[in-house]
Amino acid sequence: MTEKQNIAKTTYSDVISLARRRGFLYPSFDLYGGVAGFYDWGPVGSLLKNNFLAMWREAYVEGEGFFEIDCPNVTPEVVFKASGHLDEFTDYMTSCNKCSQHFRADHLVAELHPNPDSLGKEELAGLISEKGVKCPECKGDLTELYAFNLMFKTNIGPTSERPGYLRPETAQGIFLNFRNLYIHNRQKLPMGVVQIGKGFRNEISPRQGVIRVREFQMAELELFVDPENPNYVNYPLLKHISLSLLPDTTEKEILSRTVEEAVEEGIIDSKILAYFVALTQEILLKAGLDPNRMRFRQHEAHEMAHYAKDCWDAEALTDFGWVEIVGIADRSCYDLEQHMKHSGVDLRAMRQLAEPKMVKVRKIEADMKKMGPVFRGRAGKIRDKILALDDDAVAAVESGQPLIVSVDNERISISTDMFTISQTNENRSIERFMPHVIEPSHGVDRILYCVLEHSLKRTVDESGEETRVLHLPPVMAPYLFAVFPLMSRDGLTDNARELYNLIKNELRGRGSLGFYDESGSIGRRYSRMDEIGTPYCLTVDYQTLEDGSFTIRERDSKEQARINKKQVRTALRDLVDHGISLKDWSKKNGVKLISRDN
RNA sequence: GCGGGUGUGGUGUAGCCUGGUAUCACUUAAGCUUGCCAAGCUUAAAACUCGGGUUCAAAUCCCGGCACCCGCACCA
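Now the structure itself:
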């Protein structure tokens, strides 16, 4: 029908209008005018999303053997106090009384202080009034400072005494469970733990549709590693993969390197980090991203999150430009260290030493039998002080100086018969250390948008007729196959329904849905399926009535082959699971390919 | 949050300046038809972003809210 077809650019609005029309995406709360930054995944979109998550889970949980856990969205304040989100996520803002523009207070005093980011509210306000800082736009007076935190705040329980926040990332739930998980893993590293869940960030101005939303689907891995062992067991499997890398160097050019080369040239810091960059690429490509519109960009030092030491973002080129879809951060030991400090619980891991080493162990004992009667109620506090003596204090005591501790603002002299300090040499074969964390964090909504944009091909023929085909990989396709009767008469519909049920049952349980349709012309039905990315359409025709065979039509090539019922199972396996094209499959099975006339 | 632009059935639009309850196409549904790539016919369903004001009368003019797009700012 179409002789000349031109591929047309796929824009954001092409994707959004198709997504809405075909049930991928709807703006949330639309009935009441909508709220910026929230989107609903519709029936077709949910299938797409579930397929992605299943694939992601397959890669990490089945492939790498990592644990999956599931933690609450509502999280008490203390967690974010420890993680740094409460402070780091809060910006002190001020606005101009005259032109009502808003500014970050720390930006306004950038030249007046070496590290304005570290200042608290009072200090910032003091600096502003002291130096007479005015609105940089119109020189107007500035309002009082107010705090803006990007986390959604709520209350836990009936009173507001216990503040909670919706988590801005799923990672904290994993860190909080580190001890449980480490024991569950029989105290071995590396240990990977994933979580699929929602994250919440009260963005000031959400933009670009589903790219920046206030509630979003995350899929995160926290890989706990021994920093002295940069190897990863599966590294050889992916070391030959080629990557497009944009490192944070002064040249700022995209380098094409294999994983191995990137590590050897020092472009990527470690084999572990490099492995997960490669695995991320594998997953994204499997999901249907265009390899030519994908790269990994290393963060510049100033854009790194407060917890990160190094970070590579997977970015996809879209109608909006380059968009971050996965962040692969080296969080070093930041989070566990913070939680250890704030909770007082030892979150270190243990490492078996190659050779046992002798260490000097100092033991301080307090004689409570003697101290108790003398100090009474303060005896406990004094004991704690004595047990916590540092090296200098111990040395002082050993050199004969009297031991004096201060408790409740009182200096108390302790006689030497009340405690003993001894030193022994012990043979140690393990040592404790803070595990480091490598974190690939996937923004699922963004990934799905990019998959849609990269998959959607628009072609316009001479008459201006536009056709749209969503070239999704079969693993992502909301519907894996569709069954049509060629005509809705002469018993073809019964045959088609029977075929549909047969295949549906065959594929049941693997999350692949089928679709049955008998309305409209056959071409229209093919086209509907093309728009939602259904890779195969099976059509029952008049020959079916004679010999039970039917045609299978491939979305991407629009080619057809005639197969019989017995072949369905193996055919779908070859086509879907092994990625064989219909052309090759026909050749292999001696089936004639029915090419379209034009 | 500021500034600019936009907002009409599911989608894309005409009408707005110059007020008189809405155009066209696609889509969808039912029926007829149709022997493989959005065919045709008949019928049907379906919209003025929301609120207020002006007016006899508002999609249209005015004000405000909301949403979307762009720029600024923000983006851990």
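Counting from 431, one number per residue, gives the positions in the first sequence under this note's numbering. Heads up, the beta-carbon is just placed ideally off N, CA and C, and yes, glycines get one too.
According to DSSP, is residue i part of a helix, a strand, or is it coil?
i        : result
Thr-981  : strand
Ile-446  : helix
Lys-771  : helix
Cys-880  : helix
Asn-925  : helix
Arg-631  : coil
Pro-666  : helix
His-515  : helix
Asp-1014 : helix
His-729  : coil
Met-788  : strand
Glu-754  : strand
Ala-796  : strand
Val-693  : helix
Lys-439  : coil
Thr-432  : Reliability fails at Thr-432, whose pLDDT of 38 lies under 50, so the model's placement of it is uncertain and the value that follows must be treated cautiously. Residue state, collapsed to three classes: coil.
Ala-704  : helix
Pro-803  : helix
Pro-915  : strand
Leu-932  : helix
Ile-860  : strand
Tyr-737  : coil
Arg-687  : strand
Met-959  : helix
Ala-746  : strand
Ser-885  : helix
Glu-661  : The question names Glu, but residue 661 in the sequence shown is Asn. Correct three-state label for Asn-661: coil.
Arg-813  : helix
Since residue i and residue j should fall inside the 8 Å C-beta cutoff, what is the C-beta to C-beta distance between them, to a whole number of angstroms?
i        : j       : result
Glu-645  : Ala-601 : That pair is no contact at about 17 Å.
Thr-520  : Phe-578 : 7 Å
Leu-968  : Leu-932 : Between Leu-932 and Leu-968 the Cβ distance is about 10 Å, and since that is not below 8 Å, they are no contact.
Thr-889  : Ala-484 : The pair is not a contact, with the Cβ atoms about 31 Å apart (cut-off 8 Å).
Trp-752  : Phe-726 : Not quite, the Cβ-Cβ distance comes to about 11 Å (not below 8 Å), so this is no contact.
Pro-1029 : Glu-507 : The structure shown does not extend to residue 1029, since the chain is modelled only from 431 to 1028, so the question has no answer here.
Glu-856  : Val-789 : 6 Å
Gln-853  : Arg-792 : 5 Å
Anyone know if the C-beta pair for residue i and residue j falls short of 8 Å?
i        : j        : result
Ser-871  : Val-756  : yes
Glu-730  : Asp-765  : no
Val-707  : Val-624  : no
Ile-982  : Tyr-966  : yes
Leu-714  : Ile-877  : yes
Ala-489  : Leu-709  : yes
Pro-908  : Val-504  : no
Glu-948  : Ala-926  : yes
Val-899  : Arg-955  : no
Gln-728  : Leu-676  : yes
Leu-902  : Gly-718  : yes
Val-970  : Leu-910  : no
Lys-1013 : Leu-1023 : yes
Ile-499  : Ile-604  : yes
Leu-477  : Leu-943  : yes
Val-655  : Leu-611  : no
Tell me the DSSP bridge mates of residue i?
i        : result
Trp-486  : Paired residue(s): none; Trp-486 is not in a bridge.
Gln-990  : Arg-983 and Ile-1024
His-426  : Residue 426 lies beyond the range of the chain shown here (431 to 1028); nothing can be said about it.
Gly-594  : Pro-506 and Thr-584
Ser-843  : Ile-834
Gly-622  : Leu-653
Tyr-469  : Pro-457
Arg-781  : Glu-861
Phe-1062 : With the chain covering 431 to 1028 only, the question about residue 1062 has no answer from this structure.
Asp-820  : DSSP lists no partner for Asp-820.
Phe-608  : Paired residues: none, contrary to the question.
Thr-854  : Val-791
Gln-647  : Lys-628
The segment 839-848 in contact with the segment 735-748 per 3-pair CB rule at 8 Å | Contact fails: fewer than three Cβ-Cβ distances are below 8 Å.
Any contact of the segment 765-778 with the segment 858-869, i.e. 3+ C-beta pairs under 8 Å?
-> Three or more Cβ pairs closer than 8 Å define a contact, and the segment 765-778 meets that threshold against the segment 858-869.
Cβ contact (3+ pairs, closer than 8 Å) linking the segment 787-797 and the segment 848-855 = Contact between the segment 787-797 and the segment 848-855 is present, because at least three Cβ pairs lie under 8 Å.
Stretch-stretch touch, CB-based, cutoff 8 Å, three pairs: the segment 881-900 with the segment 444-456 = Output reads yes: the segment 444-456 touches the segment 881-900.
At least 3 beta-carbon pairs within less than 8 Å: the segment 775-782 vs the segment 891-898 = Contact between the segment 775-782 and the segment 891-898 is absent, because fewer than three Cβ pairs lie under 8 Å.
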